[in-house]
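Using the UniProt record's numbering, the first residue of the sequence shown is number 1, and each one after it goes up by one. Note that beta-carbon positions come from the ideal geometry of N, C-alpha and C, so glycine has one too. Being a predicted model, the structure only gives us computed values, none of them experimental.
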Amino acid sequence: MNTMKRVAVVGGGLTGLSAAFYLRRLAEEQGKSVDVTVLEGSARLGGIVNTLRKDGFVIERGPDSFLARKVAMYRLAEELGLERELTGTNPAARKTYMAGSGKLHPMPAGLNLGIPADLGGLARTGLLSPEGKQRALAELRLPVDPIDDDVSVGEFLESRFGREMVERLCEPLLAGIHAGDLYALGLKATFPQFADLAAKHGSLMRGMMAARLAPAAAGVTGAGIGLPDFVPKTAFLTFRRGLSSLIEALEARLRADEGCRVRTDSKVVSLAGSEGAYVLRMGDGSTVEADDVLFTLPAYATAALLESHADVMALKAIRYVSVANVVLAYDAADFHHRLDGSGFLVPKTEGRHITASTWTSAKWLHTAPEGKRLVRCYVGRAGDEAKVELSDEEMTAAVRNDLRHYMGIDATPEFVEISRLRHAMPQYPVGHVQAIAAFREGLSRDLPGVWATGAAFGGVGLPDCVSQGRDAAARILAGL
Numbered sequence: 001m002n003t004m005k006r007v008a009v010v011g012g013g014l015t016g017l018s019a020a021f022y023l024r025r026l027a028e029e030q031g032k033s034v035d036v037t038v039l040e041g042s043a044r045l046g047g048i049v050n051t052l053r054k055d056g057f058v059i060e061r062g063p064d065s066f067l068a069r070k071v072a073m074y075r076l077a078e079e080l081g082l083e084r085e086l087t088g089t090n091p092a093a094r095k096t097y098m099a100g101s102g103k104l105h106p107m108p109a110g111l112n113l114g115i116p117a118d119l120g121g122l123a124r125t126g127l128l129s130p131e132g133k134q135r136a137l138a139e140l141r142l143p144v145d146p147i148d149d150d151v152s153v154g155e156f157l158e159s160r161f162g163r164e165m166v167e168r169l170c171e172p173l174l175a176g177i178h179a180g181d182l183y184a185l186g187l188k189a190t191f192p193q194f195a196d197l198a199a200k201h202g203s204l205m206r207g208m209m210a211a212r213l214a215p216a217a218a219g220v221t222g223a224g225i226g227l228p229d230f231v232p233k234t235a236f237l238t239f240r241r242g243l244s245s246l247i248e249a250l251e252a253r254l255r256a257d258e259g260c261r262v263r264t265d266s267k268v269v270s271l272a273g274s275e276g277a278y279v280l281r282m283g284d285g286s287t288v289e290a291d292d293v294l295f296t297l298p299a300y301a302t303a304a305l306l307e308s309h310a311d312v313m314a315l316k317a318i319r320y321v322s323v324a325n326v327v328l329a330y331d332a333a334d335f336h337h338r339l340d341g342s343g344f345l346v347p348k349t350e351g352r353h354i355t356a357s358t359w360t361s362a363k364w365l366h367t368a369p370e371g372k373r374l375v376r377c378y379v380g381r382a383g384d385e386a387k388v389e390l391s392d393e394e395m396t397a398a399v400r401n402d403l404r405h406y407m408g409i410d411a412t413p414e415f416v417e418i419s420r421l422r423h424a425m426p427q428y429p430v431g432h433v434q435a436i437a438a439f440r441e442g443l444s445r446d447l448p449g450v451w452a453t454g455a456a457f458g459g460v461g462l463p464d465c466v467s468q469g470r471d472a473a474a475r476i477l478a479g480l
């Protein structure tokens, strides 16, 4: 007889919802019976994915897009019937700026993840001194160098390009992805492609040049490759009504499924039991029994629930950074800037409040009504998180001052939306890949049927979260 397996998914963010969706769909394909319960501690689903639709504006309080080349998001959108809602960046807003010495400079041509692939662009930029350029060019002479031991991203890049290039080009581009400190982030968990390029080409610049000439041969997948023709061929994609469209579709599908229950305001406070008979206790005293439990919470929350059962030192080593998003809406009549690009980045050396600014209404044409402008700024990074706790008035004033400094904007915004994402950005330390592998091995041994995955484990991007949710679902079902 086919025995029904009960699976509890702890956490209703994108990873957890994806896992629940694929548990049900893959079980049906395989002719297996699985009963799924999603337990979310807050009043809403989606985690940091959170779209505000206001007065004709589409405002993202968390991430604003995802990489097109990572097709897991597209595949999920397709299964939910949302693929025709996808939209890409404005092709007329390709230019990006970098702040340096108090003003904005065009990003050097051919820059890919902070690595120059166009020597002419590197030579012409005003972001580096002549000495800094000469030091960076020395990287072209490096021999093939397999990277065996993990090192920090900052240490790795500085040894190749020098400190000036790391501070003025690499740090704002790379650290911005994680809001982190390059000298604390592990290379193999955050940018493993750099280690691959060093092993294959020696010079990262030579590797990036090869990728520009022959992307497929270099193992690089371009934007939208393998996707249908109706999907925009841009590096980043989103949905016309915002990223919450995906969360809403997942929630609707799961709530309509008789084999799945979705519970919000259901914070798990303890785990008890052993293989095949786990009991999750909620804050209100209620319990949920399950054969398998999948944790998709932040690392610190999962660690707190598992530390009496398993070694969670790998999870405790992952610190989190708090950030804030400040979105300003303007009337075009008062807004005297061309927005001739997608925005700008601000290195730490500039000493400003904001770390970057996206010219949202120029980059994403669906985000503002006719005659309006939308600008989003980012506050907070590793080592500089106090600014996240400024009052709304203080933060707004600081952000407007930085926009005035770099863009000359004096207009008063029609409204300002501030979103504080506390302890939101996981920082993968040196040795993270090996530590997580060891943690999962120990978890399988000590708590069979208990699983953990999510942004803290193998990728912070939205497609990474979807992939990890699907992979977890497949592993759970393999035990049936």
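{"Check": "Spatially closest choice to Leu315 from Ala303, Val7, Leu45, by CA coordinates", "Outcome": "Ala303"}
{"Check": "Beta-carbon proximity of Val231 to Phe194, cut-off 9 Å", "Outcome": "no"}
{"Check": "Beta bridge counterpart(s) of Met165 as assigned by DSSP", "Outcome": "Met165 pairs with nothing; no bridge assigned."}
{"Check": "Val366 versus Gly442 - alpha carbon distance", "Outcome": "According to the sequence provided, residue 366 is His. The question's Val does not apply to it. Between His366 and Gly442, the C-alpha separation is close to 47 Å."}
{"Check": "Proximity to Leu76 [Cα-Cα], best of Phe21, Arg61, Gly114", "Outcome": "Phe21"}
{"Check": "Where Asp150 falls, given that 16 or more other Cβ within 10 Å makes a residue buried", "Outcome": "buried"}
{"Check": "Backbone CA spacing between Leu280 and Thr453 [nearest angstrom]", "Outcome": "18 Å"}
{"Check": "Stretch-stretch touch, CB-based, cutoff 8 Å, three pairs: the region 334-352 with the region 418-438", "Outcome": "no"}
{"Check": "Beta-carbon proximity check, Leu140 vs Ser65, cutoff 9 Å", "Outcome": "no"}
{"Check": "Three-way DSSP call (helix, strand, coil) for Thr349 in this model", "Outcome": "helix"}
{"Check": "Backbone CA spacing between Gly219 and Ala210 [nearest angstrom]", "Outcome": "With a pLDDT of 43 at Gly219, under the threshold of 50, the predicted position of this residue should be treated as unreliable, and no value is reported."}
{"Check": "Given His309 as reference, the closest of Leu271, Gly276, Ala333, Ala329 once Cα atoms are compared", "Outcome": "Leu271"}
{"Check": "Beta carbon of Pro106 nearer than 9 Å to that of Thr125", "Outcome": "yes"}
{"Check": "Within 9 Å, strictly: CB atoms of Ser361 and Phe344", "Outcome": "no"}
{"Check": "Ala277 - containing beta strand (DSSP E), residue span", "Outcome": "277-282"}
{"Check": "Span separating the alpha-carbon of Leu254 from that of Thr37", "Outcome": "10 Å"}
{"Check": "Environment of Glu28 [buried if 16+ CB atoms lie within 10 Å]", "Outcome": "exposed"}
{"Check": "Within the region 46-107, ranges of the beta strand (DSSP E) (whole runs, at least 3 residues)", "Outcome": "51-54, 57-60, 86-88, 96-100, 103-106"}
{"Check": "Spatially closest choice to Ala474 from Val460, Gly458, Arg241, Trp451, by CA coordinates", "Outcome": "Trp451"}
{"Check": "Any non-hydrogen atom of the ligand NAD closer than 8 Å to Leu250 Cβ", "Outcome": "Within the structure as shown, the ligand NAD is missing, as the structure has no ligands at all."}
{"Check": "Neighbourhood of Ala217 by C-beta distance below 8 Å, restricted to the same chain and skipping five residues each side", "Outcome": "Model confidence at Ala217 stands at a pLDDT of 45, short of 50, so the residue's coordinates are unreliable; what they give is reported in the following sentence. Ala210, listed in sequence order."}
{"Check": "Bridge partners - Cys377, DSSP secondary structure assignment", "Outcome": "Val326, Ser357"}
{"Check": "Environment of Arg404 [buried if 16+ CB atoms lie within 10 Å]", "Outcome": "exposed"}
{"Check": "Beta-carbon proximity check, Met425 vs Ala179, cutoff 9 Å", "Outcome": "yes"}
{"Check": "Inter-stretch contact (C-beta, 8 Å, three-pair minimum) for the region 376-393 and the region 317-329", "Outcome": "yes"}
{"Check": "Cα-Cα separation between Thr396 and Asp384, rounded to whole angstroms", "Outcome": "17 Å"}
{"Check": "Secondary structure of residue 481, DSSP reduced to three states", "Outcome": "Residue 481 lies beyond the residue range present for the chain, which begins at 1 and ends at 480; the question has no answer from this structure."}
{"Check": "Strand pairing of Glu248, partner residues [DSSP]", "Outcome": "Paired residues: none, contrary to the question."}
{"Check": "Beta carbon of Leu67 nearer than 9 Å to that of Ala235", "Outcome": "yes"}
{"Check": "Ala249 and Gly114 closer than 9 Å at C-beta", "Outcome": "no"}
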